[in-house]
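Heads up: the sequence shown begins at 70 in this note's numbering, then just goes up one per residue.
Even glycine gets a Cβ: it sits at the ideal position worked out from N, Cα and C.
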Amino acid sequence: MTKQKIFTKRFLSRTQFYVAALFFVFVLAVLLFTFFSPNYYEHESPYRIDIKRGESLTNVIDTLYEHKIIPSKLKMKIISFVYGAEKKVKAGRYDIPNGLSYVKLIELLVNGSPTEQVSVTLPEGIWQSEIAQILREKLNIDSSRVIGLSTSRSFINSLDLNSKSLEGYLLPETYYFYPNSTAEEILRKLKLQMDKVFNPEIEKRMAELKMTKHQILTLASIIDGESNLVSEFRTISGVYHNRLKIGMALQADPTVQYLIRDKHKNKILKKDLLINSKFNTYKYTGLPPAPISNPGKDAIMAALYPEKHNYLFFVANGSGGHTFSHSADEHEQNVMKYR
């Protein structure tokens, strides 16, 4: 008699053996059905999910469940445990086809090749046209699409902005975008980052200055255009605040450069100072009607917290910085000295 027959005879009757076998087959069938059957969702396929660096698998599963990509969090967690997926899932962007089983989905997250992000640096004081050019070079985004959205009333309204243009409302810094990002997606992110700068403390400061967010961004854009030295920003801001208080024209070269930017001029001519535009701060007093560029955080902070002094003038000193003066006579002497 074989060992198997002896075991069956001693411990299980024939009927009990068949019942146990059927139960095992049933359990196996249930497991196969549960974890290998396709799960269908109602979204447009493929569903796109971005997994951030350091994001927990639990959070990823919660997101998949909330968007009805998977019908059960528990089942997804079980198969994730079996695969030891908690430390294996890679950060990146995944396109999830419709009809994946729990097993296929976890294999995609563990063994798949997610789309890596591209680093995009936007320098402070950048014009909208320059943003469009950089996005075209780095991400192959249609530059005309970026420019079009920047003045699109419906798109600007969707961002809860009361402005004719996005220029000034997009924060320049280093970002990471996926290669297949859309122009809308990118501009929303840039605007959201700018919103984060204006926290309750900053709003309180604006109230003290009796200035709006639009005015602060406008002034900051001018400051950003005046100097490459962050150490000078607050001093330059003080000059402009002093001029605004006494109703003196700002006479800011960056506002004129903004007007002639399409002509690719690096030097301002006397005739340019006569351009009849509200952006010409040589011709019109007060701030121009809108930001002339997208200012960075340093320029925004300088606009909010100007240095307290009595300077009303400044001129480039030829070594990358500026010399400041209190009177027109002193300023003229400095101009003659450095020119």
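For the putative contact between residue i and residue j, defined by C-beta atoms under 8 Å, what is the C-beta separation to the nearest angstrom?
i: residue 265; j: residue 275; result: Contact flag wrong, Cβ pair sits at about 15 Å.
i: residue 366; j: residue 307; result: Actually they do not touch by this definition, with Cβ atoms about 18 Å apart.
i: residue 134; j: residue 144; result: At roughly 10 Å, the Cβ-Cβ gap does not stay under 8 Å, so residue 134 and residue 144 are not in contact.
i: residue 170; j: residue 115; result: So it is not a contact: roughly 15 Å between Cβ atoms.
i: residue 324; j: residue 243; result: The Cβ separation is near 27 Å, so there is no contact.
Return the chain-ordered list of same chain residues with a C-beta closer than 8 Å to the C-beta of residue i, the five sequence neighbours on each side being excluded.
i: residue 423; result: Examination of residue 423 is not possible in this model, given that the chain is present from 70 through 408 alone.
i: residue 364; result: 193, 194, 237, 241, 286, 289, 290, 292, 293, 372
i: residue 109; result: 167, 168
i: residue 209; result: 248
i: residue 122; result: 160
Distance, Cα to Cα, residue i vs residue j?
i: residue 254; j: residue 215; result: 11 Å
i: residue 394; j: residue 400; result: 6 Å
i: residue 237; j: residue 304; result: 21 Å
i: residue 112; j: residue 207; result: 30 Å
i: residue 271; j: residue 245; result: 26 Å
i: residue 124; j: residue 140; result: 21 Å
i: residue 351; j: residue 380; result: 18 Å
i: residue 330; j: residue 239; result: 19 Å
i: residue 284; j: residue 201; result: 24 Å
i: residue 213; j: residue 199; result: 12 Å
i: residue 397; j: residue 362; result: 29 Å
Which of the three DSSP states is assigned to residue i in this structure?
i: residue 281; result: coil
i: residue 238; result: coil
i: residue 318; result: coil
i: residue 344; result: coil
i: residue 244; result: strand
i: residue 407; result: helix
i: residue 215; result: helix
i: residue 232; result: coil
i: residue 184; result: strand
i: residue 392; result: strand
i: residue 153; result: coil
i: residue 302; result: helix
i: residue 287; result: helix
i: residue 209; result: coil
Kindly list the residues whose CB is nearer than 6 Å to the CB of residue i, restricted to its own chain and excluding five residues on each side of it in sequence; keep chain order.
i: residue 235; result: 219
i: residue 228; result: 260
i: residue 184; result: 161, 162, 247
i: residue 119; result: 162
i: residue 344; result: 328
Using C-beta distances below 7 Å, list every residue in its chain close to residue i, excluding the 5 sequence neighbours before and after it, in chain order.
i: residue 390; result: 298, 301
| contact_flag[the region 325-342, the region 307-317] where n(CB pairs < 8 Å) is 3 or more | No, they do not touch.
| Taking one C-beta from the region 174-182 and one from the region 148-161 each time, how about it: are there three or more such pairs within less than 8 Å? | Taking 8 Å as the limit for Cβ pairs, the verdict is that the region 148-161 does touch the region 174-182.
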